[in-house]
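Enquirer:
4 protein chains.
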Amino acid sequence: WEGEFFPGIPTIKYEGTTSKNPLSFKWYNAQEEILGKKMKDWMRFSVAFWHTFRGSGADPFGSATKNWPWEDGTNSLAMAKRRMRANFEFIKKLGVDLWCFHDRDIAPDAETLEETNKNLDEVVALAKKLQGTKIHPLWGTAQLFLHPRYMHGAATSSEVGVYAYAAAQVKKAMEATHYLGGENYVFWGGREGYQTLLNTDMERELDHMARFLEAAVAYKKKIGFNGTLLIEPKPQEPTKHQYDWDAATSANFLRKYGLIDEFKLNIECNHATLSGHSCHHELETARINGLLGNIDANTGDPQVGWDTDQFLSDISEATMVMLSVVRNGGLAPGGFNFDAKLRRESTDVEDLFIAHISGMDTLARGLRNVAKLIEDGSLTDLVRKRYQSFDTEIGTKIEAGKADFEMLEKKAMEWGEPKVPSAKQELVEMIFQSAL
Amino acid sequence: WEGEFFPGIPTIKYEGTTSKNPLSFKWYNAQEEILGKKMKDWMRFSVAFWHTFRGSGADPFGSATKNWPWEDGTNSLAMAKRRMRANFEFIKKLGVDLWCFHDRDIAPDAETLEETNKNLDEVVALAKKLQGTKIHPLWGTAQLFLHPRYMHGAATSSEVGVYAYAAAQVKKAMEATHYLGGENYVFWGGREGYQTLLNTDMERELDHMARFLEAAVAYKKKIGFNGTLLIEPKPQEPTKHQYDWDAATSANFLRKYGLIDEFKLNIECNHATLSGHSCHHELETARINGLLGNIDANTGDPQVGWDTDQFLSDISEATMVMLSVVRNGGLAPGGFNFDAKLRRESTDVEDLFIAHISGMDTLARGLRNVAKLIEDGSLTDLVRKRYQSFDTEIGTKIEAGKADFEMLEKKAMEWGEPKVPSAKQELVEMIFQSAL
Amino acid sequence: WEGEFFPGIPTIKYEGTTSKNPLSFKWYNAQEEILGKKMKDWMRFSVAFWHTFRGSGADPFGSATKNWPWEDGTNSLAMAKRRMRANFEFIKKLGVDLWCFHDRDIAPDAETLEETNKNLDEVVALAKKLQGTKIHPLWGTAQLFLHPRYMHGAATSSEVGVYAYAAAQVKKAMEATHYLGGENYVFWGGREGYQTLLNTDMERELDHMARFLEAAVAYKKKIGFNGTLLIEPKPQEPTKHQYDWDAATSANFLRKYGLIDEFKLNIECNHATLSGHSCHHELETARINGLLGNIDANTGDPQVGWDTDQFLSDISEATMVMLSVVRNGGLAPGGFNFDAKLRRESTDVEDLFIAHISGMDTLARGLRNVAKLIEDGSLTDLVRKRYQSFDTEIGTKIEAGKADFEMLEKKAMEWGEPKVPSAKQELVEMIFQSAL
Amino acid sequence: WEGEFFPGIPTIKYEGTTSKNPLSFKWYNAQEEILGKKMKDWMRFSVAFWHTFRGSGADPFGSATKNWPWEDGTNSLAMAKRRMRANFEFIKKLGVDLWCFHDRDIAPDAETLEETNKNLDEVVALAKKLQGTKIHPLWGTAQLFLHPRYMHGAATSSEVGVYAYAAAQVKKAMEATHYLGGENYVFWGGREGYQTLLNTDMERELDHMARFLEAAVAYKKKIGFNGTLLIEPKPQEPTKHQYDWDAATSANFLRKYGLIDEFKLNIECNHATLSGHSCHHELETARINGLLGNIDANTGDPQVGWDTDQFLSDISEATMVMLSVVRNGGLAPGGFNFDAKLRRESTDVEDLFIAHISGMDTLARGLRNVAKLIEDGSLTDLVRKRYQSFDTEIGTKIEAGKADFEMLEKKAMEWGEPKVPSAKQELVEMIFQSAL
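Protein chains in written order, with the working numbering: chain A, -5 to 430; chain B, -5 to 430; chain C, -5 to 430; chain D, -5 to 430.
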């Protein structure tokens, strides 16, 4: 394969909201400063190698639909390298600096682990070269779900051989991430869960998972990798029930096993809604538990019960996401990874660009909306005032843990029936919507 | 009101599975020994005062349908006492020893907290007398959700006056529970949550909730109440999102605020399914976190998105519930509370008995099925064998936290591709069903 | 009650998007022409008497929270009249011409049907006077779900006496609607469904429902009422399963019983999503079945499984709703009824105005967005071009029903493997979002 | 491949409920007479070729797990023939007479339609021979969803070439089904739906679908195929929204286009629950619309939002299914097709047998339960009595369409407040459960 992979596609530029050019940014202006930071530093957008370069369009009822011109139909090492070159052309034309990968989506499996590792080494060496000085991974990870050996789990497999294999794979993926200058390392436990409790020893499996993560922490320290370790909650799919169901479940696990200071969370919006929460809820739950580390920027379909991994296009959702990010002071060393895929029916090469641009613009628009809300100030004000009765002497005592039931009973009797004002939810929604 | 409240209804007897009498037990035989314990000691059934005696049949689109003959249409103290007498006749005829109550469903609100407390004292004194030596509360609790003052929450209200009022109410309800010989005290945070994050300071509200529970623990110790404190998870309804979403969320909260050793969980099956989990999952999650304290024995409708609080009638679900209970060694000092209500359209007095009998028989049948499964042994065997590769030298090292990534990598390379056997899920389901 | 009901609230004016005044319209400008029609003629907004004037804030776990100053705590005829005067002041200050009502929410039940009818007559006479020349009902309806007599259904009750009673009530409500100049009459079958199929003869109940609707058609004609009869689909709540589940189910029922030409549908957005469809889907299904008659303008919470009847504030949803309305050439003689309620915690009188303004502005903004999309033209173009292969000779034959399988097989063999272009979904979403 | 495909597996026998042998029937006794018919004639079980012989265990996150010994890793014609021989050995050992197939799962695709048809001819000829005199297809169908050409639909594709191709494929599949003695022909429109309404002309697509089905009816008559044509409703997956959403939606479509007398429905339990209905509801809806033609006997996971196609193991659900079947007088010429797959983790050959046996036994147990309920009679009685007020003079008039609103109003006033008895739902559930 000689020359460009995307010959008709220029480097994507910011052209503002009046532009009708689908191959331009209308809202995302990388160098523009918003709320004291460049947009690119708020967003830290990352391209997900697997969806963008390994997404075939297959679904449970349909075979592959994508026929990218650079693919030759093989899963060879040569093909892996060519694909990696396409990846970096894509990244550069899109104007981002970060990318994410699973070990097995960048390099092919071989007969033995040793040979597989060699394949990985070759592709990683190429990636290192292609990265240049500006680009590096937001994070790397090991693919511990596709291969049949992982059908009962990786760290939670009932087979000790699988546990060991998974450990070896994470070890290598962590080394690769470190070598490439990755800033984080992610654990998504797609097979860490159960299909039925009737054949499962959940307690033993969770213990194994804890042991596995402890070993990962130890190894990270040993090799001097300073990146953040991230757990990615998901409630289900492929398993009926995954152990990292949502942010709170993951936090409970980390606390129970004494791992709470070693990990943060990678919140995915589509996983949030599958677990019955809004994305905003999961972000806030992670944030106030001190665990908001990264966001997988996608969205689901509100009427659909599986992971659609769509590029975000809802302005309202994007604005709420950015509210959490701004409150968190940004995400660095984490960022926004586009764990999002083209629809099966989107088969033009340019669709890859359009989808990313749309997702980036949507979040950028969200950030601009948050800036408007903050400037306006009325929303923040309203919330602050709601709780002002706790900014009193007795409120302060309560918050300091110095108000016992006897004292409070006395106060309650003294005060009589408390006055309870309107929550003004419709006003809040009006203010919020005005900023969109 | 003179004489019997349920004149046509005899004391309910065990008549065995051939009986066609709806007013008899077919599976629940209180004194029969199963798996080394009397059925009554496994089950510890409790009547929920609110559903059975205050359930009106009203729903969001319909007014009350129940016209119990002993009700006079008032919410007077006299009516409260008469109702309490009906309660104990019901309990005795049903043949149980335990009951549960909210402060406000047994005694009416008055103008001031002082007078309301007096009302409560009078009814509690009567209940104490009616209890005799055999009957006592499984648990008591404070109703912190019905009154408009609690519309923004109780411990998490934005108003300090409401926080104090709630504290006073819990103080009193805990005293009443203690006085009546209650074995547990429950917190269900129906209003502890949010309607929209846009007007909510979730972090501050959660801090307040922790302070409140700490004060409850302190007060419990002060008055010498040795009952277990229970948190009852529920994902939503009435609020859009409750803070005690599910077992894992509640556990995370308790761990974060250092309260994990002071509380257990009251798992409700209908709440479990509303949060996207099976009841069995929630019970097992509570159990392996050391938190399984009590069960609210009801069930939901699998096609319905709100709390229907139906009496359990599904044998398969009941068998899974009892699997957890047996593994837990029983529930004492907790038990099974019938937090279940008649359908709005069930308006005969005898329906109250039929519903309880049906719920009790279903769980008793579940217990009998568990006994069959345990005797048969093949299910337990199958699960044990699934994990036997961890009962090896390397497995033991892993479980002891002594297997680092380097050692595991070496093993993985040495072993080659691991063998992964069938999970036998269909066989497991066949065995399970055979016991029903 | 003397003087104004809403003393501090002025008549709501259009002030444009720069206004920060919550009591002004930012997007809805009644007299402004958009797409060839005045905004008011596109929208035909109507105030729902029940939510706005009878909504108490009660929910399944909480008692009433609204303390409107004009309410005296009674359900008297005098109170009903005072409330009606408040209603018309509200309507006028909001600047709309239409309202909707249930018989029983405007006038109190009495001991007998005759007296109840008299109560209704009195209030209706007052309403007629207060309406003046400009205001009239968008529609009226009978409340056949609140009273316990309807617990098993109205037209589908197992009791013939209830069927007769419901007929009498609809007869009267239809007369009242006609007298007041109502343009439509609605059937919402809240209790027409089942709680369990095990005690239900669904076929017989559906036959009864058909007989009932036939009688309604006959009576409408007899009294010379020319308004449209509307069925309002809802999947469930209060019953487990309602017979008018969704638009397609209702259409099937109407076709089966030969009623398809006598009825249209009143689509409610929150009902749409509860049935697993987007609101847009239900509107389009109604439209292409020739049945789109009216819209109940509300929305639900995407994470909640019950009817929240919130005022619309989502711009994206509103734009899709308006796409259907514009394609339908408007809704007249139907319109947008605000079947939406304040949150339980919104307890200020001004919240009633804020909520309506927000809902009206959201839909008005949707209309403006549709105008932008139509002017731009690229979305329409893209869809037209997608199907252009059917604008050919063979396509035309197929559409005319003249292409048999043998001819098509010959063509398929002649043509070889068909080319299938990208669906451009991400581009479509980008274009759509650009108009918001 | 020489000799047996399932060497260790005997012909499955009925051994009764005391048997512990997983490879025996405990409830299904083919020749035993129940309710006046042999069990085999009630059940008419059919093996689904695709799940049993083409199911690979792949899922959206995992590759194939099944390594059946007879598979050689190719999709060759020789492999197709060998697989077909395995199929008939399986069918015979299981002791059933019926099977179901998609054209493309029994024979491989080739370069051109002509060659593909030739492949199909060869495999069909072999199947004809292997069928012998006792075995034949319950139904055949065309696979119009796997190939990328169908990504926008088959009959509803935006491309006329795809419409023609689909017609050619159905023509051929119908011929094959007819040749093999198939009793029905099924349409499952997996891709007939939309991913977003924004790029879809739903009305035009539905018209195309109607034209397509009309042509299918015409061709069926032309070739003298007397089998029933069946539509298989499914709400979604793979598309966001399928046109045959549920039974009522399909019925509406058939009525609208005048096709109601030419088609019946193939109800799938897992599809029912995905559309928000119980399986029993969908079966009853099909039945009372005169459309219950066949059942795809599987079940879903109540906590999961996608199609799991599990073998039925729930006794309660099976009993409700059989209630509908018995009311329908059986399903012939339809039957029960096992559209159910092994879990991905079930990888032993014997699991194929265990799963089928479990599914067959569960439904057989359901039939035995229905017989018990009918013998007992109390459930039927209770339902009959619920409606007895309609077995009166006025009830009869209503049912005959001779009761107008004026007459009914007179009756309502004459009768006064109607008495409304208890619905006895808990009693009904108790009776139902007693039969399990």
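Virtual Cβ for every residue (Gly too), placed ideally from N, Cα, C.
1. Taking C-beta pairs closer than 9 Å, name the residues in chain C that residue 282/D reaches, listed in chain order.
2. If you count every other CB in all the chains shown that lies within 10 Å of the CB of residue 137/D, and 16 or more means buried, which is it?
3. If you draw a straight line from the C-alpha of residue 107/A to the C-alpha of residue 406/B, how long is it?
4. Span of the alpha helix (DSSP H) holding residue 364/A?
5. Pick out whichever of 99/C, 205/C, 128/C and 189/C has its Cα sitting closest to the Cα of residue 149/C.
6. What's the C-alpha gap between residue 326/C and residue 162/D?
7. With three or more beta-carbon pairs closer than 8 Å as the criterion, would you say the stretch 316 to 326 of chain C touches the stretch 389 to 404 of chain C?
8. Run through chain D and tell me which residues come within less than 7 Å of residue 55/A, C-beta to C-beta.
9. Mind checking if residue 368/B is an interface residue toward chain D, Cβ cutoff 7 Å exclusive?
10. Using a C-beta to C-beta distance shorter than 8 Å, which residues of chain B count as neighbours of residue 345/D?
11. Are the Cβ atoms of residue 131/C and residue 88/C separated by less than 7 Å?
12. In the DSSP assignment, what residue or residues form a beta bridge with residue 470/D?
13. Taking 7 Å as the cut-off, decide whether the C-beta atoms of residue 335/C and residue 96/C are in contact.
14. So with Cβ pairs under 7 Å, would you call residue 299/C a contact of chain B?
15. Counting only the same chain and skipping the five closest in sequence on each side, list residues whose C-beta sits under 6 Å from that of residue 211/A.
16. What residue from 117/B, 423/B, 352/B and 316/B has the CA that sits closest to residue 29/B's CA?
17. Report the residue from 102/D, 352/D and 378/D whose alpha carbon sits nearest the alpha carbon of residue 21/D.
18. Whose C-alpha, out of 157/B, 23/B and 52/B, is nearest the C-alpha of residue 34/B?
19. Assign residue 53/D to one of three DSSP states: helix, strand, or coil.
20. Contact check, residue 241/D vs residue 268/D under 8 Å by CB: the rounded distance?
21. Would you kindly report the start and end of the unbroken beta strand (DSSP E) that includes residue 222/A?
22. Cβ closer than 7 Å: which chain A residues qualify as neighbours of residue 490/D?
23. When you compare the CB of residue 107/B with every CB in chain A, is at least one pair closer than 7 Å?
24. From the DSSP output, in three-state form, read off residue 302/B for me.
25. So what does residue 236/D bridge to, in DSSP terms?
26. Any beta-carbon of chain C closer than 7 Å to the one on residue 116/B?
27. Decide yes or no for the touch test of the stretch 210 to 228 of chain A against the stretch 216 to 233 of chain B: beta carbon pairs closer than 8 Å, at least 3 of them.
28. Alpha carbon to alpha carbon, how far is residue 346/C from residue 286/C?
29. Is the beta carbon of residue 139/D sitting closer than 7 Å to the one on residue 185/D?
30. Taking the alpha-carbon of residue 373/D as reference, which of 344/B, 180/B, 14/B and 253/B has the nearest alpha-carbon?
31. Specify whether the stretch 0 to 19 of chain B and the stretch 40 to 59 of chain B touch according to this definition: at least 3 beta carbon pairs, one from each stretch, less than 8 Å apart.
32. What are the boundary residues of the alpha helix (DSSP H) that includes residue 277/D?
33. Quick one: what does DSSP say residue 138/B is sitting in, helix, strand or coil?
34. Under 7 Å between C-beta atoms, does residue 16/C make it to chain A?
35. I'd like to know if residue 150/D contacts chain C, where contact means its C-beta is closer than 7 Å to some C-beta of that chain.
36. At the 7 Å Cβ level, is residue 227/C part of the contact set with chain A, yes or no?
Expert: The answer reads as follows:
1. 196, 197 and 200
2. buried
3. 8 Å
4. 343 to 370
5. Measuring from the Cα of residue 149/C, the nearest candidate turns out to be 205/C.
6. 45 Å
7. no
8. 139, 140, 184 and 232
9. no
10. Within 8 Å Cβ-Cβ: 416, 418, 420 and 421.
11. no
12. Residue 470/D cannot be examined here, being either before or after the span of chain D that is shown, -5 to 430.
13. no
14. Answer yes: the Cβ-Cβ gap between residue 299/C and chain B drops below 7 Å somewhere.
15. 256
16. 316/B
17. 352/D
18. Of the listed residues, the one whose Cα sits closest to residue 34/B is 23/B.
19. strand
20. At roughly 13 Å, the Cβ-Cβ gap does not stay under 8 Å, so residue 241/D and residue 268/D are not in contact.
21. 222 to 225
22. Residue 490/D lies beyond the residue range present for chain D, which begins at -5 and ends at 430; the question has no answer from this structure.
23. Closer than 7 Å to some Cβ of chain A, the Cβ of residue 107/B qualifies, so yes.
24. coil
25. The partner list for residue 236/D (beta bridge, DSSP) reads 187/D.
26. no
27. no
28. Across the structure, residue 346/C and residue 286/C are spaced so that their CA atoms are roughly 28 Å apart.
29. yes
30. 14/B
31. no
32. 273 to 282
33. coil
34. yes
35. No, residue 150/D lies away from the interface with chain C (no Cβ there is under 7 Å from its Cβ).
36. no
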